[in-house]
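What follows is one structure encoded as structure tokens, with my remarks underneath.
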């Protein structure tokens, strides 16, 4: 069995673990070092570091401290890795802890992050998902059980000083265009809740002021939330610093394309088993700017779908110019209205769109002025038939089951 | 064999065929009428009505008259169809004509429509694709042959008067925000080149002034360019007028998600075999606004991919807010640079992105400020291995083969 | 469009067509000649040469003259092909004739060929299948419609004199072990109904005495009835004579693994579009004795199954030693009894096992004394749900629909 | 986390564990009891109970005591289960032990069980497979790594007294036809090495004389070695005794169809996570004799194949009558000769046929006198390209790597 090179203790704060960090900075020391060809295991906190509980009260979602996220395990140094190389990472396996065999999906309050449909669903809510082997179901959403597509929401290598500077500058420039916006346009460095791994206190204090937040995906990968990076997949990451410094966190048991609920997928604590190799000078050899990857041969085969379309005319009837975001939002709203006909609440379907392995395709992006986007809902995850027929839908699910909600306190 | 209820003659102008139209208007008379349960065949011009030739000169692409497109076959009236119904359409087959066994892909000039990457590739260009049974390859792009995923780029029912008014108003409002833009923000009604099917001349003249252009996808489906509407799929269309009035055109032999080249897919003339049924009051029963569909059990199985990612930071390094269009554009540019390492020109890869069955996924859409989008390039369509390896890529294709180009005349 | 190098006229007897033959012999002249890299089209009679009609009377199945089968189109000579080469054949497309857009499936009488379950279903019966584009359904079997998996049941190159001699000797030796058996153990040469293509009368008369019958698959491929040799697949055939001499026939619209009904699949007349290339000395390079092939990227995706198992204990309870035939027969009988619970007759299910794309797997072949075989029934071809559930099955199909039957005349 | 209701200690003999048994008998007491709807975990010895070691010496394969196999965990009683019911079993997960993260594949000596190709490969040999997360590779076979398709080789419910009697009688009758055969035609009851679980010594002694051996698959399932019963699949077992009595063992990390090496798959110790439900009177409702099952949505997607065919003419050129065993044996031998061209030894390919997820299809079973069978070799499990091409194969693997062999002692 591969060695576990980063261990965690769920009963202790992530801040006490020196092999964990929650900001990106080139000076964070390697938490462990491996050789090309090695395989190893990293244990990971859930992205919030344990702020969310397995109960029926959504106030923890409402009150979550988002400045703490995401807690990452690493960085792992790889001997011989140099800037310009590609780090080939095989995701060999991902699993849960026996003592924490569940996950959560949350809708953030409009005042604390929000989500893709936050103007329609502004209150904090959560659903809890139990894991039974490879399968999961939720006591808050009846009629659905499916095989997980476990993957890390967040994975990537440490940025160089130059790259970090670039990130901070461009995000600050955006932020400054509307600094009072709620939710904010970007998450800027915030030293108070930073965890800089094994950095010495003084250096950490300085670095924390410029350490990049972990929320967005960036050139190095990062929080790309690509549901397809599951066990069996192979990813090629750009290397920016000596030793690469690979960090991982934000494990998901399953996610729909887009992770539209923001909190997000089925979030979980767990472990990930990786193998690393190097392609020397690979960034140049393959003209790589962002990571590339190969999908896994082992993914749940929910190949029958009902597909919903949206175009870039918004809910108010306003025409937007080839805007995929608007189009996909309409596809999501269309799917929600359709599924409500079977007895679900809108909140339940919204949570399903974040958790079951839906696909989000950009179908047409040039037919002015309308983009078209499609949401692919797998039929095989439901206990009943969601296909349309001449008779029309009937109520299929127990309408007494509700999603816990926690309205903002006034 | 099913009856062919709309026939065309490729040697004659589409304007001479009264069972063809190129604008959307509720008053266009039915070109033919069928009963629920019937299956039938429609022959279709290519979307330009024959403006593009099977040769090595791209000037026809440069000089195409876009005000003529798209030539649609229909409308087909369905007995008993009423507003509020869903029209269930089985796509039973799609084929080519023996005398026209080829298709084209074009990059429009920046001054005449452009495409998704028009700022990088501003000149008119074209590639010709020969069909050999279910397979296609191009004399302008070496090293690639694949099975077609034939589908109609454009399909849908006639709008009601109210819907037509809504379309015209919202698109005009967008257009007016920047009326001098090149390319235009929207294509407004344009009477001069309108073809109103069997309408009487005077009525046609009036209707042409308000007939909606066919370029964008809209609530009724229309030019949705969804590559997955292939033979074996089943689509449910909203009905807005008595008799439904189903029209089809813009047949594609294959297309990548997004149809980023605008002209667009592998465009072809051909025929389509359909079967129709009704779900009475189906729009209300299933809360339908846009069409929904079921994918086909029969689609080419190119299941191994190299996947490229992009984030919403543009080529100039500017940060955009959760903008999927910017993110997907970066994924496209990343794919182009990668594929050039095997010997392709940028233009060849751009054309490949429009023609091979690539997938475009919205992967993350909430991780402020960066959206992440992924472009899935199927490996099985190439004669050689496009996967990365430690040695790096080698030139694999004959670099003397070029795509015909036709720069704008000064 | 590719040239049609073998044409047929369905209104005329296959015996009048000199580009057709129904025996294997090295001296049959090439019906046409092509070059490596060429693609071309062959038209083909159905395997019986038109003996079966599109009606509701099974007497034509009962009275079929099996000494005439199979009528093959070819042989096609390939320039440069020599014994020891591999002939690479791309199946580019397969289609039907507009005037013959249907097929048949038959159960032969025990006294005239029989089938895999002939001791349970001894009477001649037939089902007629209508083709609607890529889909088919039968007026004799309710509740089922599916996409075809078109393929040639019979394809291969001419044998050498030595190979022909070997075939005749080994089959005669088997036949002689029980010469009076009904059905016979093997079909030996039979001159009376032989059609030797373009051979001159005297030579044909001699050759017909030793021309191998076309019923069995042999080293060259032949009547292998592999349902997966569909459009998009690529086959590598051993070459035994100069010019190879590729012949094709017995086209099927669809077939289940094993073709257990003998007559057999959904049998049809039609055309096949092929491309040929050579691997010089390929038999030696790859140690090839029987053809090898690559499946198509384009096959119907009926990926959800109910799977039935059988073991090598027969219906009488007798134990056989690792006998896959006995095990698979039990799996078939198990499937029939299960499906009858939904209202089908045994004859209907037997016909379904020969026509829908069932899979037959050898699951275990070493666990003495029982082999285990599995029959994979695709659920997606039925209009209703065939999965087991706690309530049990209900009648789903119209039990008044029957399969035409024609008992033997006394 | 589900409760582990059967625990094992790999450092102790399986005979010391009262929740384990190695014979089938209705009187074996339930090792544990669960309710319908429960999920639970069973730990399992490898099928030999630890006789095979992780080393490079095949003498343990040669000297294995086959009278001991298979060690099964259970029987598990299910409350309310009665004869005639169907026991629905969800396989929720399967895993390995951290201290035993490897498996073995063996070729038995002709004198001790043999295998499907034992006349060609008569000596005992073994290959060891290391598990890295979901992936496996062997130090004895270069060039291959693939995702496991974990499944129980052996699973089923206790037989009734009547069924046990029937098994013993029919197998004895076969055995008696050739009692001196090597290998034997069947494995008859053998008291000496029987392990009867929690039976009291005296009763156990009596029952052991008639307890059925576990080698063959039978009506109850048993050692069916169906590689597709992997995590995510759902099986419906006949119930013959009150409480059902479900037992499981013989876990495999991966197997090819047919398990032609007999020892067999990649054999491993491990655990299995199950959920049970009842369909009351289900045997009658669905006419069930043998188990039926639904495959998993989660199986490795190695969908590209090179396919080898065999017909029922044996290696000596003798014609057999529609014999699938002979046909499939030829397909196996054809595959071995082909793969040897890339540098493998015959033994290595033989082992690959038992371990990688090859498919074995019965393609044609009625075309007298030749059955045709196909062996589907997945290309994606190899580090190199196994497809044929015009240049021919080159040596791809390190020919110094050999499979440990242990010839019989004289």
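Chains as they are written, first to last, in the numbering used here: chain A, 431 to 840; chain B, 431 to 840; chain C, 431 to 840; chain D, 431 to 840. Don't be surprised by glycine CBs; every beta carbon is placed ideally from N, CA and C.
Query, Result
"Could you tell me whether the stretch 499-514 of chain D touches the stretch 674-694 of chain D, where touching means 3 or more Cβ pairs closer than 8 Å?", "yes"
"Residues of the stretch 723-744 of chain A with a CB closer than 9 Å to any CB of chain C: list them in chain order, please.", "731, 733, 734"
"Can you pull the chain D residues whose beta carbon is under 8 Å from the beta carbon of residue 662 of chain A, in chain order?", "564, 565, 577, 730"
"Whose CA, out of D:732, D:441, D:437, lies closest to the CA of residue 578 of chain D?", "D:732"
"Going by beta carbon distance, what residues of the same chain come within less than 7 Å of residue 624 of chain A, once the five residues before and after it are set aside?", "452, 453, 638, 641"
"Under 6 Å Cβ to Cβ from residue 785 of chain A, same chain only, skipping five residues before and after it: list those, please.", "535, 684, 696"
"For residue 521 of chain A versus residue 661 of chain D, is the C-beta distance shorter than 7 Å?", "no"
"Contact between the stretch 757-765 of chain B and the stretch 541-555 of chain B: three or more CB pairs below 8 Å?", "yes"
"Find the residues of chain B that neighbour residue 522 of chain C, judging by a C-beta separation of less than 9 Å, and give them in chain order.", "562, 563, 564, 565"
"Quick one: which residues of the stretch 679-704 of chain A get their C-beta closer than 8 Å to a C-beta of chain D? List them in chain order.", "703"
"In whole angstroms, what separates the C-alpha of residue 842 of chain C from that of residue 591 of chain C?", "In the structure displayed, chain C extends from 431 to 840; residue 842 of chain C sits before or after that span and is not available."
"By the three-class DSSP mapping on this structure, what secondary structure does residue 469 of chain D have?", "strand"
"So which residues on chain C does residue 654 of chain D lean against when the C-beta distance must stay under 7 Å?", "739, 793, 794, 802"
"Less than 7 Å between the C-beta atoms of residue 790 of chain D and residue 792 of chain C, yes or no?", "yes"
"Under a three-way DSSP split, which group does residue 499 of chain A fall into?", "coil"
"Would you kindly work out how many angstroms separate the C-alpha atoms of residue 753 of chain A and residue 615 of chain B, rounded to a whole number?", "12 Å"
"With a threshold of 16 other CB atoms inside 10 Å of the CB of residue 687 of chain A, please say whether the residue is buried or exposed.", "buried"
"At 7 Å on the CB atoms, spell out the chain C contacts of residue 469 of chain B, in chain order.", "562"
"At what residues does the alpha helix (DSSP H) containing residue 477 of chain A begin and finish?", "That residue, residue 477 of chain A, is in no alpha helix (DSSP H); it is neither H nor E in DSSP."
"Between the Cα of residue 526 of chain A and the Cα atoms of A:542, A:553, A:518, A:471, which residue gives the shortest distance?", "A:471"
"In whole angstroms, what is the alpha-carbon distance linking residue 651 of chain B and residue 728 of chain B?", "22 Å"
"Helix, strand or coil: which one does DSSP assign to residue 607 of chain D?", "coil"
"Please confirm whether residue 528 of chain D has its beta-carbon closer than 7 Å to some beta-carbon of chain A.", "yes"
"Rounded to whole angstroms, what is the Cα-Cα separation between residue 465 of chain A and residue 509 of chain A?", "5 Å"
"Within 10 angstroms of its Cβ, does residue 705 of chain C collect 16 or more other Cβ (buried), or is it exposed?", "buried"
"Go to residue 631 of chain D, then tell me how far its alpha helix (DSSP H) extends in each direction, as first and last residue.", "631-638"
"Round the Cβ separation of residue 511 of chain D and residue 673 of chain D to the nearest angstrom and send it over; I've been treating them as touching at under 8 Å.", "5 Å"
"Taking the CB atoms as reference points, tell me whether residue 829 of chain C and residue 773 of chain C lie closer together than 7 Å.", "yes"
"Apart from the five residues on each side of it in sequence, which residues of its chain come closer than 6 Å, Cβ to Cβ, to residue 515 of chain B?", "669, 708, 710, 712"
"Could you give the DSSP three-state label for residue 489 of chain B: helix, strand or coil?", "helix"
"In terms of residues, what are the limits of the alpha helix (DSSP H) holding residue 761 of chain C?", "754-770"
"Let me know if residue 556 of chain A comes out buried or exposed under the rule of 16 or more other beta-carbons within 10 Å of its beta-carbon.", "buried"
"So the candidates are C:494, C:477, C:574; which of them puts its Cα closest to the Cα of residue 584 of chain C?", "C:477"
"Could you tell me the alpha carbon to alpha carbon distance between residue 645 of chain A and residue 801 of chain B, rounded to whole angstroms?", "11 Å"
"Give the interface partners of residue 531 of chain B over in chain C, defined as CB-CB distance under 9 Å, in chain order.", "431, 432"
"Keeping to the same chain, check which residues put their C-beta closer than 6 Å to that of residue 722 of chain B; ignore five residues upstream and five downstream.", "666"
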